[in-house]
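Each remark here refers to the structure printed beneath this line.
2 protein chains.
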Amino acid sequence: MVQLDDLDRAILRLLKEDARLTISEIAERLNRPESTIHFRIKKLQERSFIEKYTIVLGEQLRPKTLAIVYVQAETPIIEDFLERYIQYLMKTLSLLPNVLAVARSDKDGVVAIIGGENGEQINKFVEETIQVMPTLKRVEVFPVNEFVKGDSLAGFLVSV
Amino acid sequence: MVQLDDLDRAILRLLKEDARLTISEIAERLNRPESTIHFRIKKLQERSFIEKYTIVLGEQLRPKTLAIVYVQAETPIIEDFLERYIQYLMKTLSLLPNVLAVARSDKDGVVAIIGGENGEQINKFVEETIQVMPTLKRVEVFPVNEFVKGDSLAGFLVSV
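So the protein sequences, as listed, match chains S and D.
All residue numbers for the first sequence refer to numbering that gives the first Met the number 0, where the first residue is 0 and numbers rise by one.
All residue numbers for the second sequence refer to numbering that gives the first Met the number 0, where the first residue is 0 and numbers rise by one.
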């Protein structure tokens with residue numbers, strides 16, 4: 000499927016852990032010449048295996064709690080209306096700073112990751128911002144408490 | 000709440016966009032002396048506002064599609080059993096490479112972000128791995144199609 004060898008994967012794993020590692024540090028850790036590492040990273044970037052170098056923000060800058068929200072619209076008689084309604088819903092949500100991610104879920108739904116100080120604040124937000132919208136069939140809020148995997152998700156998504 | 004000023008925020012925003020920017024590049028863009036930028040970044044790191052420098056993997060390395068899965072356990076008579084069951088469920092899921100994130104959802108639930116080649120593959124995975132578990136009350140799968148916000152989430156979470 001994808002042509003990456005063990006060395007490419009080892010480099011990507013190291014950069015995932017710490018993107019500030021220098022070429023000579025990576026070369027030393029993987030016991031390969033610097034020129035090889037330099038060439039591989041260049042290729043990984045050129046071929047877009049590395050999309051971006053970024054930072055994960057610390058806990059103080061993240062929302063204290065998260066919830067996943069699923070919203071499903073009533074299926075109307077006019078198909079075109081549903082499409083515009085879903086687009087409007089996604090756009091509206093994505094502009095709010097406490098909404099960390101928004102995606103389409105099938106034809107008639109939207110899923111979002113929402114941040115807040117606590118569960119009540121998120122519920123209040125959902126009631127006041129989402130539940131008030133017309134022609135919704137279903138709104139579900141799943142609180143996200145301790146992570147076992149993907150912990151720093153919020154620190155990646157949150158804006159500052 | 001958090002003591003960050005406009006300069007700190009501007010630096011964090013630039014590093015979120017491109018964590019490879021040098022101190023002199025940041026200094027130039029923000030029209031401040033390099034020594035100031037150096038000192039600010041040092042402080043941001045020391046105070047854990049920056050948790051980590053990392054890379055986002057490109058599309059070729061990400062699952063083609065995602066789904067959010069919510070699993071709720073039957074509430075048993077013995078409280079302690081529920082706790083161990085949820086812990087077991089979370090642990091099992093988190094070990095699977097196509098499960099990108101796993102978190103507790105209230106006392107009796109688990110939410111996970113699952114990747115796959117397509118929706119059918121994810122559904123098959125949920126049927127064969129999750130639905131077969133005993134004493135489940137509810138299993139919901141929400142497909143995640145196009146993102147409007149938080150697009151590169153999978154490239155951040157996926158391992159290589």
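Virtual Cβ for every residue (Gly too), placed ideally from N, Cα, C.
Cβ-Cβ separation, residue j to residue i (assumed contact under 8 Å), whole Å
i: K15 of chain S; j: I54 of chain D; result: 6 Å
i: V147 of chain D; j: A102 of chain S; result: 7 Å
i: R157 of chain D; j: G114 of chain D; result: Here the sequence assigns Val to residue 157 of chain D, which means Arg is not the residue at that position. Right, the Cβ-Cβ distance comes to about 7 Å (below 8 Å), so this counts as a contact.
i: Q130 of chain S; j: V143 of chain S; result: The Cβ separation is near 19 Å, so there is no contact.
Residues near residue i by beta carbon distance below 7 Å, same chain, minus five either side
i: L13 of chain D; result: L20, I25, R28
i: D7 of chain D; result: R39, L43
i: I67 of chain S; result: V110, I112, F141, V143
Own chain residues within Cβ distance below 6 Å of residue i, not counting five before or after
i: E73 of chain S; result: T134, K136
i: S104 of chain S; result: V110
i: L92 of chain D; result: V98, V101, A111
i: P75 of chain D; result: L81
i: L11 of chain D; result: none
i: I209 of chain D; result: Chain D is shown from 0 up to 159; residue 209 of chain D falls before or after that span and cannot be answered.
i: K63 of chain S; result: E116
i: R31 of chain D; result: none
i: Q71 of chain S; result: D107, G108, K136, R137
i: A9 of chain D; result: L29
Distance CB(residue i)-CB(residue j) smaller than 9 Å
i: L65 of chain D; j: I112 of chain D; result: yes
i: V140 of chain S; j: N122 of chain S; result: yes
i: Y69 of chain D; j: V109 of chain D; result: yes
i: M132 of chain S; j: L88 of chain S; result: yes
i: I85 of chain D; j: K106 of chain D; result: yes
i: D17 of chain S; j: K51 of chain D; result: yes
i: E3 of chain D; j: F155 of chain S; result: According to the sequence displayed, residue 3 of chain D carries Leu and not Glu. No, the Cβ-Cβ distance between L3 of chain D and F155 of chain S is not below 9 Å.
i: S47 of chain D; j: E145 of chain S; result: no
Cutoff 8 Å; reference residue i; Cβ partners in own chain excluding five residues on either side
i: V159 of chain D; result: L56, L60
i: F124 of chain D; result: N97, I113, G115
Three-state class that DSSP yields for residue i in the structure shown
i: E139 of chain S; result: strand
i: F48 of chain D; result: coil
- prompt: For the segment 51-128 of chain S, which segments carrying the alpha helix (DSSP H) assignment without a break, of at least 4 residues, lie completely within its bounds, in sequence order?
  reply: 78-93, 118-124
- prompt: Mind listing which residues of the segment 137-159 of chain S have their C-beta closer than 7 Å to chain A's C-betas, in chain order?
  reply: Structure shown: chain A not included; protein chains present are S and D.
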